[in-house]
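Trainee: Protein chains in written order, with my numbering: chain R, 2 to 346; chain W, 1171 to 1466; chain C, 1155 to 1558; chain U, 497 to 746.
1) Go through its chain and collect everything with a Cβ distance to residue 1181(W)'s Cβ below 7 Å, but skip five positions before and after it.
2) From what residue to what residue does the beta strand (DSSP E) around residue 582(U) run?
3) Does DSSP put residue 1503(C) in a helix, a strand or coil?
4) Which residues does DSSP list as the beta-bridge partners of residue 1325(C)?
5) Would the beta-carbon of residue 1243(W) fall within 8 Å of that of residue 1406(W)?
6) From the beta carbon of residue 1438(W), is the nearest beta carbon of chain C less than 8 Å away?
7) Tell me, please, whether the stretch 176–190 of chain R touches the stretch 17–30 of chain R by the rule of three or more beta-carbon pairs shorter than 8 Å.
8) Please identify the residue among 1458(C), 1254(C) and 1285(C) whose C-alpha is closest to the C-alpha of residue 1279(C).
9) For the candidate residues 1173(W), 1455(W), 1271(W) and 1187(W), whose alpha-carbon lies nearest to that of residue 1320(W)?
10) Between which residues of its own chain and residue 1152(W) is the CB-CB distance below 7 Å, once the five residues before and five after are set aside?
11) Does the distance from the C-beta atom of residue 1401(W) to that of residue 254(R) stay below 8 Å?
12) Under 8 Å Cβ-Cβ, which residues of chain W neighbour residue 1438(C)?
13) Can you tell me the Cα-Cα spacing of residue 1300(C) and residue 1557(C), whole angstroms?
14) Pull out every residue of the stretch 238–249 of chain R whose Cβ sits closer than 7 Å to any Cβ of chain U, in chain order.
15) In angstroms, rounded to a whole number, what distance separates the CA positions of residue 1460(C) and residue 1414(C)?
16) Strictly under 8 Å for the Cβ-Cβ distance: is residue 320(R) near chain W by that measure?
17) Using 8 Å as the threshold, is the stretch 280–293 of chain R in touch with the stretch 326–338 of chain R, meaning 3 or more CB pairs across them?
18) Using DSSP with H/G/I as helix, E/B as strand and the rest coil, what is residue 1299(C)?
19) Can you find a CB in chain R that lies within less than 8 Å of the CB of residue 658(U)?
20) Alpha carbon to alpha carbon, how far is residue 19(R) from residue 670(U)? Give it in angstroms, no decimals.
21) Restricting to Cα atoms, I'd like to know which of 603(U), 588(U), 656(U) and 527(U) is closest to residue 688(U).
22) Just tell me which of 507(U), 592(U), 706(U) and 517(U) has its CA closest to the CA of residue 552(U).
23) Taking all protein chains shown into account, do 16 or more other C-beta atoms lie within 10 angstroms of the C-beta of residue 1206(W), making it buried, or fewer, making it exposed?
24) Is it buried or exposed for residue 1099(C), if we count other Cβ within 10 angstroms and need 16 for buried?
25) Can you look up residue 1284(C) in the DSSP assignment and give me helix, strand or coil?
26) If we call anything under 8 Å between Cβ atoms a contact, is residue 1259(W) one with residue 1363(W)?
27) Measuring straight from C-alpha to C-alpha, what distance separates residue 1210(W) and residue 277(R)?
28) How many angstroms separate the CA atom of residue 1189(W) from the CA atom of residue 1385(W)?
29) Please state whether DSSP places residue 508(U) in a helix, a strand or coil.
30) Could you check whether the Cβ of residue 155(R) sits closer than 8 Å to any Cβ belonging to chain U?
31) Whole-angstrom Cβ separation of residue 284(R) and residue 300(R), contact assumed at under 8 Å?
32) Which residues in the same chain as residue 702(U) place their Cβ atom closer than 6 Å to its Cβ, once the five residues preceding and following it in sequence are excluded?
33) Comparing the C-beta of residue 705(U) with each C-beta of chain R, is any distance below 8 Å?
34) Using a Cβ-Cβ cutoff of less than 6 Å, which residues in the same chain neighbour residue 1307(C) once the five nearest sequence positions on both sides are dropped?
35) Taking the runs of the beta strand (DSSP E) that are 3 residues or longer, which of them lie wholly in the stretch 179–204 of chain R?
36) How big is the Cα-Cα spacing for residue 1245(W) and residue 1367(W)?
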C-alpha cells in the first residue's frame, strides 16, 4: 500500500494552471515562428500521452513503462497511410523495393484509405492495450511486476519493428511524407492547421479526463489504487476498471503518436523503445502525477529543456535528467503541480 | 535439425542460463527482502566489468581475473550500499517510486562511466587458460562458458549456505517471509535490508566480471542484460532463490533453442510472450509458498 | 523552498512562457555581416555518441583550419553545433532549426541511415545541402545531399572481389539487425551467387545484442571459408570474444568487417581482433604527407592516441570540398555550391585524390586492411583504380538509376 | 432444529490446507436467516480462515460452502459478495484518500459494472442508504473528511457501516472491536444488535466482555475443528473449552 498522500480530490481544487496553459496555447501561433510552433505542437502531442499516464499511474497506481508501444502504433498507422497516399495505386514504398520485396504486404493495403487509417489509429492501440492489460490484471499481477512486463513489451515491440525491415522500414522507420488527407505537409498553412488540431485534441482529452477522474469511475480507480482488496470485497471486479483505464491511456498514446508523426515527419523505433517510454514517465513525475495540467507542464518543460540543454552541454544532460528525476520522485512526489497547490506531500 | 546442433544449443542454453542467473540473482535477493526493484542493477554489472579492467591493469593475465572477482564484489557491494542508504531506504514504502528513482541513478552511473572511462568501452581480455574449448561428441564446450557455469553454481551454493546456515541468512529469510513480524520480534530490519542489498549488488559486480569475458565493457552494457534479468525475477516469483534459478534455466534454454529456428530478435520477442503466458498459469511465479498472509 | 502559492505559480508560468517563446538551440544568433554560418549536426548523446563525436571533431578541425587561412570568400566560418541525440526525429528537428532559425549555408552531419532518411525531407523542402560522411546502403540520391561515404560498390563489393581473389568460395554473413547490414547483404548475396559461390548462412542480432551462442553454433556447423561481418558498435566485442571462446580466432577463420575502424579495434583490444580484415576508403596507416599532416593536426588537438577513422576523414574533406565549391561558384547558395562541387574535378585529401561524380557521390579508391597487433591496419590490397559510385546495384536493383 | 427454509449458510466439512498445516479440518456449522452468531477460539483456531473461505478469498481443499442453497465455494469473490455476503477485515480496510461519504457511496452502489460508473456525484437511489448508515455509525458530521484521517475506532465503525451499506444479507465481522476502548466496544455491540432480524451476522472475536454484551449463541473452534456450541453461559462452564483456553487438554 503506498503511503503517498495525493492532493484532495480534484473537484474542490481551484485550478488556475489550466487556464494559463490554454491562454499560452491560443496565443502561441501569433508570436512563435514556424519552427518553434512545430516544436511546441510536437511537445503538446506528447502532453496528450502524459495525461494518459496521470489516469493510470497517478490515479490508478498502474505504472506502465511501455506507453511507447501504443505511441508507436498510432504513429506507424498514420505513417503507413501517408506513405501510400503519395503513391500511384499498386506501387510499393521505396524501402520495400530495396528490401527485396516483390509485392505490397496484404495488411498494408487497407491503410491507403484515410478512413481506415483513422480508425486504425483509434482502435488498434486501444484494443491491444485492453487485451494486454486484461491478460495481466485478471491474474492479479500488478505493481512492480506489471511495470517490468510493460518494459519488456516495449523492448520486444521495438526489436520486432527493427527486425521486420522490409515491411516496417526497420531502424530507419517511416519518413518522407508529402501530404496528409490531401493537405500538403510542406505548405505553412498545414503546419498551423495541425497545431490547432493538436491543441483542440489536447483540450478535448483534458476535459474528457477531468470528467472521468471526477466521476465515480475515477473514484473507484483511486480506491483500487489504495485498497484493491477492500474494493474487491465490496463486490467490485477491479480488473475491468483497471483494463478500461489502461485502454484509454493506450488510446491517448496512439493519438499522441499519430499527431507527433505529423509534426515530426518521421516515426522510428527510437521513439518507442525502453528509454523513451521511461522518459514519458519522467515528464509526468516532474509535472505532477495526480494533476492533468501538471502532466502537460511536465511534458512541455522537460522536452524544451532537453532541446535546449542537450546541445549546449551534452555531457551534463544525463546527469541533470537523472538527478532531477531522483529529487522529484523522492522529495516532490506530487511534482510541480503539488508545489502549486502547496502540499508537497 | 541434426542432433549435434541441438546438443550444442542445449549447452548454450545452460551457458545463457548461467549468465541470466548471475545477472538476476542480486536483483531477486533485494526484491525478496524489500519488494523493490533496483533499476540501477544493470550498472552494478557494468561496474563489475570496469573493476575487472582496473584489476587487470594492475595484475595482468590469469591471476588478474581471479583477483578481479573479490574486487568487483566489494566495489559493487559498496556502491549498492551507498544507493540503498541514500535513496532506497527513504522510499521503502513506495516500490514504484523506488523503481523510477533508481532509474535516475542508472542514468547518472552510465554518464559517470562515460566520463571516467571514455564512451568507447575498455578491453577485458580472458586469460589464456580460458581460451581453449573442449569438443565432446561433436559439441564444442568453450572453457570460458564452462568457467562461468561453474562460477554460477558456486555462487548459488555459497548463497544457499549463507541463507541456510548463517545468522544473517536466518534474519534474511525471516524478513523475506513477514517483514512486520520480523521487526516485531526485534530484528533490525533496516540493517538486514542494507546487508542483503550490498550482498545482491556484490553478486552483480561479480557477474559483471563474468559477463566481461564474453561481452563488451561499455557505459551502457548494463542495459542489454537488465531486461532478461527482470524477466527472470518476474517469472521466478517473489525473490525466492529456487524460483529465480529455475526461471533462469527455463528462459536460458528457451532462448537458445528458439535461436535454432528463428533470428535472435524474434527469439527475444518469443521470450516475452512466453513470460506473459507463464504468469497466466502461475501469477505468483515458479515457486510460491502458500502463506497465511493477512490482508496484503 | 518557495512556500507561497503565488510565488511558485509565477515562477513556473514564467519559466514556461520564457522557454517556449525564446526558441531554443544554443548556436550563436544570426551571424554578423562578415561571417557565414554552417551547421554541424551529430549525436553528442545517446548510443551513437561514441562514433559521432570524433566525426564532429574532424569537422571542427577543418573549419578552424579554414578560418585560420582566411575563411571562405573572405568570410569567417562560424559553426553552429547541434545534438541529434541518436534519434532520427531529433535530427530532423535540429536540421530544420539550423536552416530556418540559424540560417546556415550548409550542414555537415548524420551517421546512421535513419538519421539521414529523417533529414532528407527537411533538406529537400528547404533546398539546403547536407554533407553525409558515412558509408551507407545506397539506393538513394537526392540533389540536396552530397554522399561522400562509400556506396556498397565502393566497400562491400571490392571486399568481395578481394576475398574471391584469395580463393574463398563459401561465405557466412553476420550482421546487426538494421538497414545497412540487411541491404548490403542483399547485394552481396546476388554477386556471390552470380560468381558461382555459396552463402552458407545469414544471421542477424538485434542492435546492441550480446548473445552470439546461436550464431556461432551455426558458423561452426556451416564451416564457411570467410565471415562477412556487418555488426555495429558493442556487438562486435561480444561476437569476437565469443568466437575466441569457441576456439575460432580471426587467424584460423578469416573475418571481413565493414564497421570496425581503428577506434573500434582499440576499444575491443587488438589482441582479440588481430588478423581480421576491414574494407574502407581510408586507413590511418595510408601513406602520403596530406594524411600525415591531418593525423598530426587531429592528434595535436584531440589527444596523441586518438584513432583516425574513415568517416572522420570523409567529414574533414567534406568541409574543404564545400569551401572549394563555394569559391568556384562564388556564392554560398546551396544550389550553386552543389553544381560547383560536381564540377570541381579531383582534389587532394588525406585519402588521396578524390572527386564528386555527377550523382553527387564521391569517386574514391577502396582498400583492404589487415589489423596489426599495434591497432593499425596493414594495407593488403593492391592500390586499385578509382571506383565510380553506383547508388543502385545493377544485380540487386536492376533498371534503377540516379536522375538528379 | 430450524426449518430448512430459514437456513442461510451451511459450512459443510470444509478443509483448508496451507502446505501441510490444516487451518480448517473438516469444519462444519450452520447459520439461520437473521441469526447473530459469535465464533471464538484461541489464536490459530482457524477463525479468520473460516471468514476467508466463506468470502471466497481462500479455496477450500475439500468440503462445500452453501449460501441460500447454492454452493459458492468455487465462485470468484465479487460474485460471492454480489450474492449478499460482505466482510469486514481485521485491519481496517477503509479507503484513506476517499471521504467518508465516498467510502459509503462505493459500498452502497448496487450496479457495480464499470460502464454504469461514469456519472458524477452520488446517484439519488444510494443517497438515502448513505445518510441512514452515517447516522447509524455516528459519523454524520465527519462525512466529508478523508477516511485516512479518522480515529481508529471511527475507522472500524466506518468499515462496519460500509459492510452494512452493501445491503448484504450475511455480514462477517472479523474482530470489529480490535483496538477499541470499553465505551466504543459497547457502542459497537448496540450497533450489531440494532440490525435486528433483517441481517444475519457472524462475529469473530475473543474479547469476552464484547461477546457477553452481544448475548448471541457461541461456536467454539479449536485447531480448525468444531469444539462446542451453545449460549455464552454454557460454553463458559464447559470443561473442554476451559482446557483449550488454558492450554492443557486434548
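Every residue, glycine too, gets a C-beta built ideally from N, C-alpha and C.
Note that this is a predicted model, so its numbers are computed, not measured.
Mentor: If we stick to the structure as given:
1) 1309 and 1311
2) 581–584
3) strand
4) 1353(C) and 1380(C)
5) no
6) yes
7) no
8) 1254(C)
9) 1187(W)
10) Past the edges of chain W, shown from 1171 to 1466, lies residue 1152(W), and the structure says nothing about it.
11) no
12) None at all; the shortest Cβ gap to chain W is about 16 Å.
13) 14 Å
14) 238, 241, 242 and 245
15) 15 Å
16) yes
17) yes
18) strand
19) yes
20) 46 Å
21) 656(U)
22) 507(U)
23) buried
24) Residue 1099(C) lies beyond the residue range present for chain C, which begins at 1155 and ends at 1558; the question has no answer from this structure.
25) strand
26) yes
27) 17 Å
28) 11 Å
29) strand
30) no
31) 4 Å
32) 536
33) no
34) 1544
35) none
36) 13 Å
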